[in-house]
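According to UniProt numbering, the sequence shown is numbered sequentially starting from 1. Just so you know, even glycine gets a beta-carbon here, dropped at the ideal spot from N, CA and C. Below you'll find the structure, written out as C-alpha cells, and then a few comments.
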Amino acid sequence: MDGRPVVQQSHNRDSSSIKLGLHTLKDKEGDIQAGVSRNKVRETLRLFQMLCKELLHSAEEKCSRKRVDLLSAKILKKKNKWVNSGNQNLGAVPGVEVGDEFSYRVELSVIGLHRPYQGGIDYTTRRGKILATSIVASGGYDDAICGSDVLIYSGQGGCPVRGVTTATDQKLVRGNLALKNSMDEGTPVRVIRGFDKTNGHNYSRMVMAAGFTYDGLYLVEKYWKQKGRYGTDVFMFQLRRIPGQLRVLKELQK
1 MDGRPVVQQS HNRDSSSIKL GLHTLKDKEG DIQAGVSRNK VRETLRLFQM LCKELLHSAE
61 EKCSRKRVDL LSAKILKKKN KWVNSGNQNL GAVPGVEVGD EFSYRVELSV IGLHRPYQGG
121 IDYTTRRGKI LATSIVASGG YDDAICGSDV LIYSGQGGCP VRGVTTATDQ KLVRGNLALK
181 NSMDEGTPVR VIRGFDKTNG HNYSRMVMAA GFTYDGLYLV EKYWKQKGRY GTDVFMFQLR
241 RIPGQLRVLK ELQK
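Laid out in C-alpha cells, this is it:
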C-alpha cells in the first residue's frame, strides 16, 4: 500500500517537446546555468537509453534474464555519469522540468529526482530533522479522480510479506515522519506519477517499465490515520499542488 494516489492532475501542455527515444524532455528558456543542467540530464538519459538497448540485445542473444535497467544505471554510476547525486534538493532538481517522462523507475535515481529504486518516499535531513524530498504516486489503483490539485497519498510500511510476515500498523517513522515534518516546516515535495509493471517482453521481463511523469511540487496540508485494506492503521497524507506550475496530464494505465 506504499504510494497510493487517489487524485490525478489535469492537463494543459503548451510547450514544445524534444523526443529522446523513450523520454520526452521539454525545452525551457532560462539562464545559462539552467541550460547546462538541462543538457546534463539529457545526455545522461541518452547514455542510459543506449546502454539499455545494447544490454537488451546482448541479453536476448545470451538468453539472459538480468535487469538491463539496473545494469545500465550501475555502469553509468561507475563512470560518474549520474547527475544531481550530491546533497539532496528540497524543491526543484536542476535540469528536470515538470512534465518530463521516463520509462524506467531507475532513471529517477540516475538524475536525482527520486533516489530509492523501490521506496515510495524519499527524504533527507535538515538541521537534525528528516524532510520528504519526493514521492512516487503509483497509478496501479482504480481510485484516481481527474481535475484537482489535491493528492491523497498513503503512507509506507505495514504490508504483509506472503509466508513471512503479517500486516501491521504503520508507524510515524522514516518516510511517514518525513512527510509529517514537511507539513510542519512547509517544505515542498516533488511528486512523480506513474505505475510499475513487469515487462514480459522477451528477456527484459524483470525490468520495471512504466510511464513515470514528474508532476511538480506539492505541499503537505494534513495527515491522519485510518484502517487500511488489511484492517491495520494506515497513515494518509493530503498534498496540494503549488500554483503556477505547468499543467500535466498522464494517462495512467489501469
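Item: Closest residue to Y104 among N89, F48, G35, V150 (Cα-Cα distance); Value: F48
Item: Bounding residues of the alpha helix (DSSP H) (the contiguous stretch that carries S109); Value: 105 to 110
Item: 8 Å contact criterion, which H114 and R229 should meet: CB distance rounded; Value: That pair is no contact at about 25 Å.
Item: Three CB pairs or more closer than 8 Å across the region 39 to 57 and the region 66 to 83; Value: yes
Item: Sequence-distant residues of its chain with Cβ nearer than 8 Å to I32 (five each side left out); Value: none
Item: 7 Å CB neighbourhood of K66 in its chain, flanking five on each side removed; Value: A59
Item: Given 8 Å, three or more beta-carbon pairs between the region 211 to 227 and the region 158 to 168; Value: no
Item: N-terminal and C-terminal residue of the beta strand (DSSP E) that L76 is part of; Value: L76 -> not in any beta strand (DSSP E); alpha helix (DSSP H) instead, spanning 68 to 78.
Item: Distance, G35 Cα to C159 Cα; Value: 43 Å
Item: Neighbourhood of G186 by C-beta distance below 8 Å, restricted to the same chain and skipping five residues each side; Value: L219
Item: Delimiting residues of the alpha helix (DSSP H) encompassing R126; Value: It is not in any alpha helix (DSSP H) - R126 instead sits in the beta strand (DSSP E) that spans 121 to 126.
Item: Exposure label - Q156; buried when at least 16 CB within 10 Å; Value: buried
Item: 8 Å contact criterion, which G119 and G175 should meet: CB distance rounded; Value: 7 Å
Item: Contact check, S37 vs L51, beta carbons under 7 Å; Value: no
Item: Residue nearest to T168 in terms of C-alpha spacing, selected from E43, R240, G231; Value: G231
Item: Cα-Cα separation between L76 and I135, rounded to whole angstroms; Value: 24 Å
Item: Three-state secondary structure assigned by DSSP to A34; Value: helix
Item: Cβ-based burial, Q226 [other Cβ within 10 Å; buried from 16]; Value: exposed
Item: Beta-carbon gap between L239 and L131 smaller than 7 Å; Value: no
Item: Distance, P94 Cα to D100 Cα; Value: 13 Å
Item: DSSP state of A178 mapped onto helix, strand, coil; Value: helix
Item: Where V41 sits in the DSSP three-state scheme; Value: helix
Item: Identity of the residue in V68, Y153, V173, V234 nearest R193 by Cα; Value: Y153
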